[in-house]
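Student:
Numbering (our numbering), first residue to last: 86 to 688.
(1) Note down the Cα distance separating residue 251 from residue 416, rounded to an integer number of angstroms.
(2) DSSP beta-bridge partners for residue 328?
(3) Using the Cα positions of residue 565 and residue 404, report the straight-line distance between them to the nearest angstrom.
(4) Quick one: grab the DSSP three-state call for residue 461.
(5) If you count every other CB in all the chains shown that lies within 10 Å of the CB of residue 257, and 16 or more means buried, which is it?
(6) Out of 539, 543, 569, point me to the one whose CA is closest to residue 528's CA.
(7) Do the CB positions of residue 482 and residue 630 come within less than 9 Å of each other?
(8) Is DSSP giving residue 507 helix, strand or coil here?
(9) Determine the closest residue to residue 454 out of 461, 510, 462, 445, with distance taken between C-alpha atoms.
(10) Measure the CB-CB distance between residue 131 and residue 261 and report whether it falls below 9 Å.
(11) Quick one: grab the DSSP three-state call for residue 601.
(12) Can you give me the C-alpha to C-alpha distance between residue 442 and residue 456, rounded to a whole angstrom?
(13) Can you tell me whether DSSP reads residue 557 as helix, strand or coil?
(14) Which residue marks the beginning of the alpha helix (DSSP H) containing residue 162, and which one marks its end?
(15) For the alpha helix (DSSP H) that residue 591 lies in, which residues bound it at each end?
(16) Beta carbon of residue 641, beta carbon of residue 468: below 9 Å?
(17) DSSP three-state call for residue 241: helix, strand or coil?
(18) Start and end of the beta strand (DSSP E) containing residue 632?
(19) Just to confirm my understanding: we take residue 192, look at its own chain, exclude 5 residues before and 5 after, and list those with CB closer than 7 Å. What are they?
(20) Is the segment 621-630 touching the segment 591-599 in the sense that three or more CB pairs, one from each, lie closer than 8 Å?
(21) Within the continuous beta strand (DSSP E) that includes residue 729, where are the two ends?
(22) Is residue 96 helix, strand or coil by DSSP?
(23) Terminal residues of the continuous alpha helix (DSSP H) containing residue 661?
(24) Locate the alpha helix (DSSP H) running through residue 109, then write down its first and last residues.
(25) Look at the Cβ atom of residue 524, then the Cβ atom of residue 554, and state whether they are nearer than 9 Å.
(26) Using the Cβ count rule (16 or more neighbours within 10 Å means buried), how would you classify residue 542?
(27) Nearest by alpha-carbon distance to residue 138: which of 373, 580, 463 is it?
(28) Quick one: what's got a C-beta closer than 8 Å to residue 140's C-beta in the same chain, skipping five residues either side?
(29) Just the C-alpha distance for residue 618 and residue 666, rounded to the nearest angstrom, thanks.
(30) Run through DSSP, which three-state label would residue 342 get?
(31) Near residue 505, what residues of its chain come up, given a Cβ to Cβ distance below 7 Å and the 5 sequence neighbours on each side ignored?
(32) Quick one: measure Cβ to Cβ for residue 545 and residue 591, integer angstroms, because I've assumed they're closer than 8 Å.
(33) Flag this pair as yes or no: are the beta carbons of residue 392 and residue 238 separated by less than 9 Å?
(34) Spatial neighbours of residue 302 within its chain, please: C-beta separation below 7 Å, excluding the five flanking residues on both sides.
So this is what it looks like as structure tokens:
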């Protein structure tokens, strides 16, 4: 699979260099270092252009019959210039590399801080992999052009005209020959380089195919093994790798041709210039030192021209990367914070009111997830939402957390329309225990502390005890400090669920949203955790997506939902008697087994 550097090299080019102007705000805080780097660059370039002149004097005078007494002086001067040049070049490299690293770190911080605040509507139309690619491959390319490559471009921009000027001063006739050879060197680089870039993008597409296949299969490795699909996926991955290999070899073949043509042109040109120069020296038209000086300036000219040609493609790709970075930074959440958000009352009461709420997901605008949904939930009340898959139960959670705003109606919490409050303040008073728990790649202690980052170790452990999680956590190799693996792979489903409950207990919110928090537990642990939840739900408003009969029977009210509407509201006995949909669900699922499930997908 490709790393960020290889992926970055094969990114498509920008249509113009204008997007690079977006980097200026990130460079501005470090303008002092940038000025110092430019001064070091100018000094290094000046010293480099002085070296051939010093070399000329060493050759012409140091080795002459009467130069023996001064040879030490000439070599000392030459060595001093070399040391000064190396010092300035090293300082330039360090400063510009530092700026590149610093700028890309700031950009990554900015992108992550922006993306993590975007609402789910953004991720409905944007792949997470694309966001990660912009955080890695695109910023890596920006890093190179803002740092080391930028240093090379600046150096070549100063060195090329300087070397051409010194060529003219040294020998105007030979300079004309060099100028004629420059197009011969540049043309194959430009023409064949376009083909190489096209093949590089094709190669990157093949690499992306292998990466996507590997990522998808490894994230579902247990399913793959359960269905004994390893041979099939191995063959599929092998085919993708072979396709990537064939494309890469084609790219390498063309690049080898470009290298051959370029080297022949460069060394052929140098050989021709040396031949002409040697004839000029033999004819008495110039000295050996002048010839050496001229050849060094010719090499500087060729090197600078080649660097600028190569870097032009990098600059264009950096422009494209910057353009994509700006696109993602320009993305704005559909859920907007009011210019002057209203404060919510303190302490929170937990009163909730849905007023004629109508909502369709952005990806499904023609289908109403909620339609004319009206419901008032009193402080401290326990309400169970019941209905078939797709009835809109989970949508109420999404709207109450203000991940989306309804297209019609209002949602009021503690007397304040949530559209007029800061979503962060609203979510701070809501605890969520989803059916599918997300465990982060961290210790058990930090996973629980996620519910309240400022909690002490004692409070974390107390929450774990209330969620009946302390026992199995202490048995882990490092106890609460044990690393749980990616997505909590070292824990069972029931253990992950208890960690989620511990988070909610630690958060201690006035409103609880439970997507059947005990659905993944065995009967004994379900009983213990239910006791903890019963205590936690005291004096708190609780909305539960109900999958089990025990939950339904303990609710103060049961809301039966279907196709985004409320069908009926009542107790279990009342609904069995008068609500056909609820009666059918109860007959099919409640009567089949002890602690059966209802609407198990959570819709």
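Backbone N, C-alpha and C fix where the C-beta goes; we use that ideal spot for every residue, glycine too.
Tutor: Reading it off the structure:
(1) Taking the chain shown and counting its residues from 1, the one referred to as residue 251 is at position 166. Taking the chain shown and counting its residues from 1, the one referred to as residue 416 is at position 331. Cα to Cα, the separation comes out at about 51 Å.
(2) Counting from one through the chain shown, the residue named residue 328 turns up at place 243. None; residue 328 has no bridge partner.
(3) Looking up residue 565 in the chain shown gives position 480. Looking up residue 404 in the chain shown gives position 319. Cα to Cα, residue 565 sits roughly 47 Å from residue 404.
(4) Your numbering for residue 461 matches position 376 in the chain shown. Here residue 461 sits in strand by DSSP.
(5) On the chain shown, residue 257 is found 172 positions in, with the first residue counted as 1. The residue in question, residue 257, is exposed, as its Cβ has fewer than 16 Cβ neighbours within 10 Å.
(6) Position 443 of the chain shown, counted from the first residue, corresponds to residue 528. The option with the nearest alpha carbon to residue 528 is 569.
(7) As a working mapping, residue 482 is identified with position 397 in the chain shown. As a working mapping, residue 630 is identified with position 545 in the chain shown. The answer is yes: Cβ separation under 9 Å.
(8) Residue mapping note: residue 507 aligns to position 422 of the chain shown, counting from 1. Here residue 507 sits in coil by DSSP.
(9) Looking up residue 454 in the chain shown gives position 369. Ranking 461, 510, 462, 445 by Cα distance to residue 454 puts 445 first.
(10) Here residue 131 refers to the residue found at position 46 of the chain shown. Here residue 261 refers to the residue found at position 176 of the chain shown. Not closer than 9 Å, so no.
(11) The residue you call residue 601 lines up with position 516 of the chain shown. Looking at residue 601 - three-state DSSP - the assignment turns out to be coil, as it is neither helix nor strand.
(12) Here residue 442 is taken as the residue at index 357 of the chain shown, counted from 1. Here residue 456 is taken as the residue at index 371 of the chain shown, counted from 1. Straight-line Cα distance between these residues: approximately 6 Å.
(13) Numbered from its first residue, the chain shown carries residue 557 at position 472. It is helical.
(14) Taking the chain shown and counting its residues from 1, the one referred to as residue 162 is at position 77. Residues 156-200.
(15) Numbered from its first residue, the chain shown carries residue 591 at position 506. Element bounds for residue 591: 578-592.
(16) As a working mapping, residue 641 is identified with position 556 in the chain shown. As a working mapping, residue 468 is identified with position 383 in the chain shown. Result yes, Cβ atoms of residue 641 and residue 468 sit closer than 9 Å.
(17) On the chain shown, position 156 is the one that residue 241 refers to. DSSP places residue 241 in helix when its eight states are reduced to three.
(18) Here the question's residue 632 lines up with position 547 in the chain shown. Per DSSP, residue 632 belongs to no beta strand (DSSP E) and is neither H nor E.
(19) Position 107 of the chain shown holds residue 192. Excluding sequence neighbours, residue 192 sits near 111, 224, 227, 410.
(20) yes
(21) Residue 729 is absent from the structure shown; the chain starts at 86 and stops at 688.
(22) Against the chain shown, residue 96 aligns to sequence position 11. With a pLDDT of only 46 at residue 96, under the threshold of 50, the placement of this residue in the model should not be trusted; the figure read from the coordinates follows. In the structure shown, residue 96 sits in coil (DSSP, three-state: anything other than H, G, I, E or B).
(23) Counted from its first residue, the chain shown places residue 661 at position 576. Note, residue 661: alpha helix (DSSP H), 657-663.
(24) Walking along the chain shown from the start, residue 109 turns up at place 24. That run of the alpha helix (DSSP H) goes 109-112.
(25) By one-based count along the chain shown, residue 524 stands at place 439. By one-based count along the chain shown, residue 554 stands at place 469. Against a cut-off of 9 Å, the Cβ pair of residue 554 and residue 524 comes out as no contact.
(26) Taking the first residue of the chain shown as 1, we reach residue 542 at position 457. Exposed.
(27) In the chain shown, the residue the question calls residue 138 occupies position 53. Selected option, being the one with the closest Cα: 373.
(28) Counting from 1 along the chain shown, the entry for residue 140 is found at position 55. The residues are 163, 374, 377, 378, 381.
(29) Within the chain shown, residue 618 is the residue found at index 533, counting from 1. Within the chain shown, residue 666 is the residue found at index 581, counting from 1. Near 28 Å, if we compare the C-alpha coordinates of residue 666 and residue 618.
(30) Counting from one through the chain shown, the residue named residue 342 turns up at place 257. Residue 342 falls in the helix class under three-state DSSP.
(31) Here the question's residue 505 lines up with position 420 in the chain shown. Contacts found: 423, 426, 427.
(32) Counting from one through the chain shown, the residue named residue 545 turns up at place 460. Counting from one through the chain shown, the residue named residue 591 turns up at place 506. About 6 Å separates the two Cβ atoms, so the contact holds.
(33) By 1-based counting over the chain shown, the position of residue 392 is 307. By 1-based counting over the chain shown, the position of residue 238 is 153. The answer is yes: Cβ separation under 9 Å.
(34) Within the chain shown, the letter at position 217 stands for residue 302. Cβ within range, chain order: 309, 318.
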